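Numbering (the UniProt record's numbering), first residue to last: 1 to 516.
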């Protein structure tokens, strides 16, 4: 028996692979009436189909739909509610919209389902190439002569496949072709072709740049025109208030921004007002070079410094101010600061100013000469109070006694006492005022202000019996420079702020402001 069972198993093993497969036949069958379609992105494809009922029961509420790639297509689905009797058929259609699918052949499935009953059939859709692209020439309308011109060429594809072909560009300047380039290339879907162009200081005139392409038999062309021009610029260079100023103007009289200016090898650029300010501290001749839209201009500015000689003449200091050639200079501000106070003077036509030592006091006096047209100078002079002449003494010598006849005595009546009226009241009021001023001098700082030409001076003196802490002075002026003998002085928001942490009793400090 065992041998017989083994023989049966071996026989089945040999025969089974050659038997045809069998499966349960689905009563629902879907059949596409056409299974080969084609289109381009944007097309909607209508797919007709037929449902067959091979069973012995009526089919109702049959769902039909299409499946395929998750991206690139939009699929329709529907429910067939009409009953399909046994051995009967039903015909209908479904649609597929091609979105952004790349070129190629796609296999989709047409599916019918009712409960556990399921049927599907393949369909093929070929997506054809759409030749779509755009060309761009990116440039400004105007370029200033003397500068590099930057241009950009661009081709952007809208195709659903790879574009291949030729692309090129050429440039026309005043009717003549100055550049002509052509090449073979390709652009993948979603990519672009780009080319940067740089013209090194092109000549003045009108330019037209044309970009063309021929991809997959579709030719396109685009052009852009621009001009290169030179402005009529003017300039001036001068020294003022410790700086060399260079100003560049356009034809409308407004300042021109972005002009390169070289001062003794230091390259600067004009600001939005068309100005360059270069601080200097030493006299000499400064070489200036400007690039005025490709036109190179050269000039010089001579910076001179003040020369000062001074000597004491009793209660005065005689100050003489000249330039480096020895020529006297008028209208120069001379400030003398001494132990007692500050004296401000202006030189006359002979370049001379006389400082009053009764104002500054004796000892070490700092003298400073300033002018907007020259570099300033300063010096210290130690002065001594001159000796005051003593009153002459008359020595009387004995003289012989002589007899002189006496004139008759005349009695002069005494004058009546003067009536001073309200003088007593005036003296009383003056005493009260002086007492108040004396009280202020003892306990409050004294502030004196004075303006000379373009210079504004402030003096602060601590009271006699009290020091001053955290002193602050604020003045709304248009200032370009400030200097202080003590503390910190700043310019900001149209005003000058001067701050001193501490002043000893009767200590003085000075502020000098150069007005704009």
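Here a beta-carbon is modelled for each residue, glycine too, at the ideal position from N, C-alpha and C. Please read all numbers here as calculations on a predicted model, not as lab measurements.
- Its Cα nearest to that of residue 464, the residue 444 stands out among 478, 386 and 444.
- Residue ranges of uninterrupted beta strand (DSSP E) with 3 or more members, entirely inside the region 217–290 and ordered along the chain, are 218–229, 234–240, 243–249, 260–263, 266–269 and 275–279.
- Every beta strand (DSSP E) stretch that sits fully inside the region 98–165 and reaches 3 residues is listed by chain position as 104–114, 117–127, 133–138, 142–144 and 149–157.
- Buried is the label assigned to residue 211, since at least 16 other Cβ atoms lie within 10 Å of its Cβ.
- Assignment of residue 85 by DSSP, reduced to helix, strand and coil, places it in the coil class.
- Each of 461, 513, 506 and 485 was checked against the Cα of residue 475, and the nearest Cα belongs to 513.
- When beta bridges are read from the DSSP output, residue 189 appears opposite no residue.
- Your pair residue 216 and residue 126 does not check out as a contact, with CB atoms roughly 17 Å apart and the cut at 8 Å.
- By the neighbour-count definition (other C-beta atoms within 10 Å, threshold 16), residue 33 is an exposed residue.
- Check the Cα spacing between residue 258 and each of 265, 251, 273 and 29: the tightest is with 273.
- Residue 359 carries a helical assignment under DSSP once its states are collapsed to helix, strand and coil.
- Taking the Cα positions, residue 184 is about 47 Å away from residue 262.
- For residue 444, there is no enclosing beta strand (DSSP E), as DSSP gives it neither H nor E.
- Counting only residues of its own chain and dropping the five nearest sequence neighbours on each side, residue 508 has a CB closer than 6 Å to the CB of 461.
- Between the alpha carbons of residue 78 and residue 48 lies a gap of roughly 13 Å.
- Secondary structure at residue 373: coil, using DSSP grouped into helix, strand and coil.
- Between the alpha carbons of residue 369 and residue 376 lies a distance of about 6 Å.
- In this structure, the straight-line span from the alpha carbon of residue 177 to that of residue 171 is close to 6 Å.
- Residue pairing by DSSP places residue 57 in no beta bridge whatsoever.
- When secondary structure is reduced to three states using DSSP, residue 204 falls in the coil class, being assigned neither helix nor strand.
- The alpha carbon of residue 479 has as its nearest neighbour, out of 471, 496 and 470, the alpha carbon of 496.
- Looking from the CA of residue 43, the closest CA among 129, 294, 355 and 271 belongs to 129.
- Going by C-alpha positions, residue 275 is about 28 Å away from residue 488.
- One thing to note: residue 382 has its Cβ no nearer than 8 Å to the Cβ of residue 359.
- DSSP places residue 378 in the strand class (E or B) of the three-state scheme.
- One Cα belongs to residue 189, the other to residue 213, and the distance between them is close to 16 Å.
- Taking the Cα of residue 239 as reference, the smallest distance to any Cα among 113, 371, 109 and 201 is reached at 371.
- Under the 10 Å beta carbon count, residue 332 is surrounded by 16 or more other beta carbons and is classified as buried.
- Inter-residue distance for residue 136 and residue 294 is about 30 Å (C-alpha atoms, whole angstroms).
- The region 198–211 and the region 334–352 do not touch, with fewer than three beta-carbon pairs separated by less than 8 Å.
- Within the region 310–370, the complete alpha helix (DSSP H) runs of at least 4 residues fall at 357–360.
- Residue 482 sits close to residue 511, with the two beta carbons spaced by under 8 Å.
- Bridge pairing for residue 467: absent [DSSP].
- Residue 205 holds the alpha-carbon nearest to the alpha-carbon of residue 173 among 268, 205, 247 and 100.
- Annotated three-state conformation of residue 26 is coil, per DSSP.
- Under DSSP, the beta-bridge partners assigned to residue 180 are 170.
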